[in-house]
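Numbering (the working numbering), first residue to last: 10 to 225. All residues carry an ideal CB built from backbone N, CA and C; glycine is no exception. This report refers to the structure that appears directly beneath it.
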Amino acid sequence: MKRAVLYLRVSTKEQTTDNQRIELERVVVSRNWKVVAVYEDQGISGAKGRDKRPAYDLMLKEAVRAKFDVIMAWDVSRLGRSLASLVQALDDLHANGVDLYLHQQALDTTTPSGKALYQMCGVFAEFERSMISERVKLGLARTKQSGTSLGRPKSRIDHHWIIQDLNSGASYRKVASSHGISVGTVFNIAKEHGLVTPIVDKDTDPLIRDKLSPRT
10 MKRAVLYLRV STKEQTTDNQ RIELERVVVS RNWKVVAVYE DQGISGAKGR DKRPAYDLML
70 KEAVRAKFDV IMAWDVSRLG RSLASLVQAL DDLHANGVDL YLHQQALDTT TPSGKALYQM
130 CGVFAEFERS MISERVKLGL ARTKQSGTSL GRPKSRIDHH WIIQDLNSGA SYRKVASSHG
190 ISVGTVFNIA KEHGLVTPIV DKDTDPLIRD KLSPRT
């Protein structure tokens, strides 16, 4: 006789798990199984992770300890909201010799057909992961094609205040420090606005050396 546990969950506290329990207990009787425990998460969404569903977490931990043979749930959404999460749960259970029965999906891994369906779930989960990866790649390609730059946006540099600071006699280093930019950027802005000649060598020109040197 297989030792079965029931996992019951509803998303709001106003809902009840009574109907889930009744249907699953009928199956237990028809299969000549025995219910050894009931795990219930009340008012918790299936989108929540395992750590947010205490009964679900405890059930999976006790599956490792071989305290039962099969987990029964009303439908797949009771366990999680994605195919990947279902397959992950199945993998964990299978590794510990625990089967799964999902009433609405007619999934019963204690039977040959159920085991075959489980394998198909694995195929579809891999397909889902591949599709997500492909969508991400296509999205990046479209972004690149449209000319949109990726990564953090460049900060806007106000040339007006930089030129004003330079005209007031501040050194390049002081202006760069006060605006949070490099000395080279300050030099390029000054060059763009005609404060230095295009052919000036910023390493040897006395004016630039004076601008780069700290002022007292």
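Boundaries (first-last residue) of the beta strand (DSSP E) holding residue i
| i | result |
| --- | --- |
| residue 111 | 108-111 |
| residue 82 | 79-82 |
Opening and closing residue of the alpha helix (DSSP H) in which residue i lies
| i | result |
| --- | --- |
| residue 185 | 181-188 |
| residue 66 | 63-73 |
| residue 194 | 192-201 |
| residue 172 | 168-176 |
| residue 88 | 85-88 |
Buried or exposed by the 16-neighbour rule on C-beta atoms within 10 Å, applied to residue i
| i | result |
| --- | --- |
| residue 132 | Residue confidence is low: residue 132 scores 48 on pLDDT, short of 50, so the model does not pin down where it sits. No coordinate-derived value is stated. |
| residue 10 | exposed |
| residue 227 | The requested residue 227 does not occur in the structure, where the chain is confined to residues 10 to 225. |
| residue 149 | exposed |
| residue 136 | Any reading at residue 136 must be qualified, since the residue scores a pLDDT of 47, below 50, and its modelled position is unreliable; the value itself is stated next. Residue 136 is exposed by the Cβ-count criterion. |
| residue 117 | buried |
| residue 185 | buried |
| residue 33 | buried |
| residue 167 | exposed |
| residue 223 | Because the pLDDT of residue 223 is 48, which lies under 50, any placement of that residue in the model is unreliable, and the question is left without a value. |
| residue 98 | buried |
Bridge-paired residues (DSSP) for residue i
| i | result |
| --- | --- |
| residue 48 | 16 |
| residue 43 | 12 |
| residue 100 | Per DSSP, none; premise fails for residue 100. |
| residue 116 | 111 |
Beta carbon of residue i nearer than 9 Å to that of residue j
| i | j | result |
| --- | --- | --- |
| residue 52 | residue 20 | yes |
| residue 111 | residue 84 | yes |
| residue 108 | residue 119 | yes |
| residue 56 | residue 105 | no |
| residue 81 | residue 37 | yes |
| residue 47 | residue 17 | yes |
| residue 188 | residue 172 | no |
| residue 96 | residue 76 | no |
| residue 175 | residue 192 | no |
| residue 65 | residue 59 | yes |
Rounded distance between the beta-carbons of residue j and residue i, thought under 8 Å
| i | j | result |
| --- | --- | --- |
| residue 12 | residue 61 | Wrong, their Cβ atoms sit about 27 Å apart, outside the cutoff. |
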